[in-house]
Every structure is written in structure tokens, then in C-alpha cells.
Amino acid sequence: MQGQTDPAPSTRTGWLRTVLGQRSCKRVLDTACGDGGDSLALVQQGLEVVSCDSSDASLRKVMTLRWKKRTQRGFDTWVIAKASPSTLEHDLGQDGVVIGAGFDAVLCLNDAFATLREEDMRSAISNMAVLLKKGGVMVIDQLEGDTQETGQLANDTNKTVKPRSSSSRPLTLKAFEKLLKTSFVGGYTHTLYAQHKSAEQEGQPFKFYHVIDKI
């Protein structure tokens, strides 16, 4: 991981635009896209976007959003598919998505990573890395799991830290770095951004953004 933790801006959309713009990204895969808010912003920026989620309810919302915007430029090429982060390559192929040479950027945001089981976290990182072009960037957000950097999952039975929901599995930074090191396919550089609940708040961040460049 490069250097010290940098601050993440309060507006994620602008920050994400900067991250992708600095790398001249054109084709983006938004995994676990939820209601499609990030994907919508990316399409409006003129990027070629493939949005996927494993939830039928979420996909219906995104498809409705695309339909309402269908007359606007770029929305006719917005691809929506059913896929899980841990089985991306297989699922996208099954849904007929053309992967081609890969994607310039692969995203896993909105705390989706924290809902995966540990083995699925490993598979998700591996799948995202395989679909990423050399020189591309992966962006994952991570709920802060434990102020003690033990390198274990925060919902481990030996820990007292409770996840934010019954399906949430926040990680420590050390645990995430270990997952990344053992699961990422290919070489990479890793930059970390921290987000606090407010600009004035000090102490432990409540969320991190991992920017991982494939080399």
C-alpha cells in the first residue's frame, strides 16, 4: 500500500470522476450496482458502462432508470446484467455480456463488499482482477471493521466488534490487504483513501476506499 492514508472527498461522485479521469477510463464495470446511482453518473459522463447486480429487485430499478433516460445520449449503450461479484466472469458470460479485452475500471461500492463471505471476497477480487485491463483500476469501498489491526474478519467469533447489520462483514485494513495480496490476479499498486463521518471528525475513519491499479 502506497504511503499514508489520503482523505476521500465528501462528494464521492466527483472523487470517482477524478480517479477514472486521471486514468483515461472509457469502459467501466459497476458490480453490485444497487439502485444504479453510480452507474447513472458514469453514463452521464460519457463512459461506456456495464452495470450488474445479483438482486432482481435492484436490476428492475436500474432498468427502469435506463428506460426513463433512453432518449438521452449514451443510455442506449448502457448494459445491465445479472451477476454476482464472486462469479463475475461466469455470470457475465452467461448473460451474453461481451467482455472483450476487459474493462478500464471495475467498481465494487455501496458497502457491497462487506456483505460477502470471506471466500466470496477472495473470489470477487480474483474475478474483478481478471476482467480488468492492464493499466486499469479497481475501486472497492470497505467498512472499517476494527480499531485493533488484528488482520481478522471483524465478525470473527473471537472479536467483540459487531457488524453494522446481520449480513455485514467489515474488515480490518490488514485483513483486506491480505485478501488483496492472495487473491488479485497480476501485479498492482494500492492507494488508500479514508472517509470520516464529517470533515471535522478526528480519529478512526468509518470507511476506506481502495484504489488498485493493475500493472
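Residue numbers for the sequence shown follow numbering that gives the first Met the number 0, beginning at 0 and rising by one.
All C-beta atoms in this analysis are idealised placements derived from N, C-alpha and C, irrespective of residue type, glycine included.
Given residue i, which residues of its chain have a CB within under 6 Å of its CB, disregarding the five upstream and five downstream residues?
{"i": "Arg26", "result": "Glu47, Phe102 and Asp103"}
Round the Cβ separation of residue i and residue j to the nearest angstrom and send it over; I've been treating them as touching at under 8 Å.
{"i": "Ser50", "j": "Val61", "result": "6 Å"}
{"i": "Leu130", "j": "Glu88", "result": "6 Å"}
{"i": "Ser57", "j": "Asp90", "result": "Going by Cβ atoms, the distance from Ser57 to Asp90 rounds to 14 Å, so no, they are not a contact pair."}
Thinking C-alpha only, which one of the options is nearest residue i?
{"i": "Lys206", "options": "Ala113, Asp37 and Asp212", "result": "Ala113"}
{"i": "Lys177", "options": "Val129, Cys107 and Glu117", "result": "Glu117"}
{"i": "Ala82", "options": "Gln44, Lys213 and Gly92", "result": "Gly92"}
{"i": "Ser125", "options": "Phe183, Leu15, Gln194 and Thr190", "result": "Phe183"}
{"i": "Asp119", "options": "Gly99, Ile98, Thr86 and Leu106", "result": "Thr86"}
{"i": "Asp212", "options": "Glu88, Ala193 and Met127", "result": "Met127"}
{"i": "Arg72", "options": "Gly99, Gly35, Leu115 and Gln44", "result": "Gln44"}
{"i": "Gly185", "options": "Tyr192, Gly134, Asp140 and Ala193", "result": "Gly134"}
Can you name, in chain order, every residue of its own chain whose Cβ lies under 7 Å from the Cβ of residue i, other than the five neighbours on each side?
{"i": "Val18", "result": "Val136, Val138 and Val210"}
{"i": "Val96", "result": "Val49, Val78 and Ala80"}
{"i": "Gly150", "result": "With a pLDDT of only 33 at Gly150, under 50, the local geometry of the prediction cannot be trusted, and the value read off the model is given with reservation. So the list reads Thr171, Lys173, Ala174 and Lys177, once near-sequence residues are dropped."}
{"i": "Phe74", "result": "Val42, Arg65 and Lys68"}
{"i": "Asp94", "result": "Ala80, Lys81 and Ala82"}
{"i": "Ala31", "result": "Asp52, Pro84, Cys107, Asn109 and Ala111"}
According to DSSP, is residue i helix, strand or coil?
{"i": "Phe207", "result": "strand"}
{"i": "Asp94", "result": "coil"}
{"i": "Ile79", "result": "strand"}
{"i": "Thr216", "result": "Only positions 0 to 214 of the chain appear in the structure, and residue 216 is not among them; the question remains open."}
{"i": "Asp217", "result": "Outside the displayed span of the chain (0 to 214) sits residue 217, for which this structure offers no information."}
{"i": "Ala104", "result": "strand"}
{"i": "Lys68", "result": "coil"}
{"i": "Val61", "result": "helix"}
{"i": "Thr30", "result": "strand"}
{"i": "Thr159", "result": "Bear in mind that the predicted position of Thr159 carries a pLDDT of just 31, short of 50, making it unreliable; the figure below should be weighed with that in mind. Coil."}
Given the structure, does residue i come close to the ligand NAP, in the sense that its CB is under 6 Å from one of the ligand's heavy atoms?
{"i": "Thr188", "result": "For the structure depicted, the ligand NAP is absent and the ligand set is empty, with no information on it obtainable."}
Using a Cβ cut-off of 7 Å (strictly closer), state whether residue i contacts chain C.
{"i": "Lys180", "result": "The structure shown contains no chain C; it is built from a single protein chain."}
For residue i, collect the residues of the same chain with a Cβ closer than 8 Å to its Cβ; drop the 5 residues on either side in sequence, then sort them by chain order.
{"i": "Leu179", "result": "Ile124, Tyr187, His189, His209 and Ile211"}
{"i": "Ser23", "result": "Asp103"}
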